[in-house]
Amino acid sequence: MSRILTVIPQAWGAQALEAALGAAQQVSAGEGFAAVLISSQPSAQDAEWATRAGARQVYQSVHAALGECDEAQVLVAAVGEALRAIPRLGGEVPLVLLPPGPQGEELAALLADHLDGQALGRCVALRFTGDELLAERMAWGGRMRLCLQIARGPAFACLRAARPVFNAPSESDVFTIELHGHLPTALTLDKRESGQRLPPLEGARLVVSGGRGVNEQGFALLEALALSLGGTLGGSLPAVDAGMVPVLRQVGVSGKFVSPQVYVAVGISGTLQHLAGVSLDSCIVAINPDPEADIFKVASLGIVAPWETLLPALLDELR
Ligand SMILES: Cc1cc2nc3c(=O)[nH]c(=O)nc-3n(C[C@H](O)[C@H](O)[C@H](O)COP(=O)(O)OP(=O)(O)OC[C@H]3O[C@@H](n4cnc5c(N)ncnc54)[C@H](O)[C@@H]3O)c2cc1C
1367 MSRILTVIPQ AWGAQALEAA LGAAQQVSAG EGFAAVLISS QPSAQDAEWA
1417 TRAGARQVYQ SVHAALGECD EAQVLVAAVG EALRAIPRLG GEVPLVLLPP
1467 GPQGEELAAL LADHLDGQAL GRCVALRFTG DELLAERMAW GGRMRLCLQI
1517 ARGPAFACLR AARPVFNAPS ESDVFTIELH GHLPTALTLD KRESGQRLPP
1567 LEGARLVVSG GRGVNEQGFA LLEALALSLG GTLGGSLPAV DAGMVPVLRQ
1617 VGVSGKFVSP QVYVAVGISG TLQHLAGVSL DSCIVAINPD PEADIFKVAS
1667 LGIVAPWETL LPALLDELR
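Using my numbering, you'd call the opening residue of the sequence shown number 1367 and step up by one each time.
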């Protein structure tokens, strides 16, 4: 039995299937892996792709109530039942790979909790040395690389790898597992307009962020600046706590990770917790009256001035 297993919800589409198979192929380095395909009905075509990517066992796990449902809580129940039904995985620390991306990372974390395993999240490298599993993760916005030795499995992880190489169909075992367990009811989402004038942080090419050093009038100017430059607004945790900016716009280790071309930090001191949310590739422009502020150590352009004098002048100039 393989010690690497990839779980692929078929409702996530062909891209997720390909990405998960690419990761499994890379980590297994020719030793083969098992694939668990989760859906409401078996797909001979997907089973064949898995086989051609190197899966030695394919478990088509079907639950009639799944339909097109791709909600994490529902999938956890179905995947949990499937994993309990298949023979014990080989190796000291079996590794379960989910498709890379936010959905896969959420499912990996929920499954680790559900099955008393280890949540490794988004890894940049995974390898076995003998029976030992080593996982590498980036931390602090890419400023640190952690190498983790996993002592106890199963470990649940996501890895972005190259596209898989599909070989000619080979011998592999394809099984169908009928699932009958109770699935929680999928949530029905009610979508409404938020009335937000600004685009989301995700994908923005320019982010103007404010920190504790900026008050309500200052944030109004930051918003005007972001709008006039075609960017969007962010903030530090204290700015969120003070109600200056919604929590969805918090940048940092407990907020969002952003990778704009330009990140304008106004009234932000430059703590590690904040900078963990800003890509190393972003050009940081800092505005702060304290020349000793840490933000100037990472800024490409630093302006030692209070926002009260700088922002109105900048907006006037832009107009
Ligand atoms: C577990 C944990 C998670 C955390 N997660 C996050 C996170 O996700 N994001 C985050 O941001 N923080 C986070 N923090 C908090 C973090 O440690 C800092 O407290 C926070 O980043 C500081 O925010 P700041 O730079 O806005 O405030 P401060 O550090 O107080 O800096 C304010 C800056 O404003 C400047 N200033 C003052 N007056 C003016 C003016 N008139 N014009 C311009 N500048 C002025 C000051 O010189 C100062 O440098 C976390 C902390 C912990 C413990």
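For each residue, glycine too, the CB sits at the ideal point set by N, CA and C.
Here DSSP, grouped into helix, strand and coil, assigns V1606 to helix. Secondary structure at F1585: helix, using DSSP grouped into helix, strand and coil. Short of 8 Å from the beta carbon of P1408, and not among the five residues preceding or following it, lie these beta carbons of its own chain, in chain order: Q1426, V1428, T1542. Here the residues close to ligand 1, judged by CB distance below 5 Å to any of its heavy atoms, are G1577, R1578, G1579, S1602, L1603, P1604, G1618, V1619, S1620, G1621, G1633, I1634, S1635, T1637, Q1639, H1640, N1654, D1656, A1659, P1672, W1673 in chain order. Between the region 1377-1385 and the region 1428-1439 there are three or more inter-stretch CB-CB distances shorter than 8 Å, so the stretches are counted as touching. Counting only the Cα atoms, L1476 lies some 22 Å from F1399. When the five nearest sequence neighbours on each side are left out, the beta carbons in the same chain lying within less than 8 Å of the beta carbon of A1528 are those of G1388, Q1392, in order along the chain. DSSP, read as helix, strand or coil, puts K1557 in coil. Separation of A1665 and V1628 (C-alpha to C-alpha, rounded to the nearest whole angstrom) is 10 Å. Beta-bridge partners of S1427 (DSSP): I1404, I1543. Inclusion of G1618 and S1602 in the CB contact set at 8 Å is warranted, their separation being smaller than that value. As far as DSSP is concerned, S1648 takes part in no beta bridge.
Cβ contact annotation for D1539 (same chain, cutoff 6 Å, sequence separation greater than five): Q1423, in chain order.
Ranking L1595, G1420, P1604, K1557 by CA distance to the CA of S1368 puts G1420 first.
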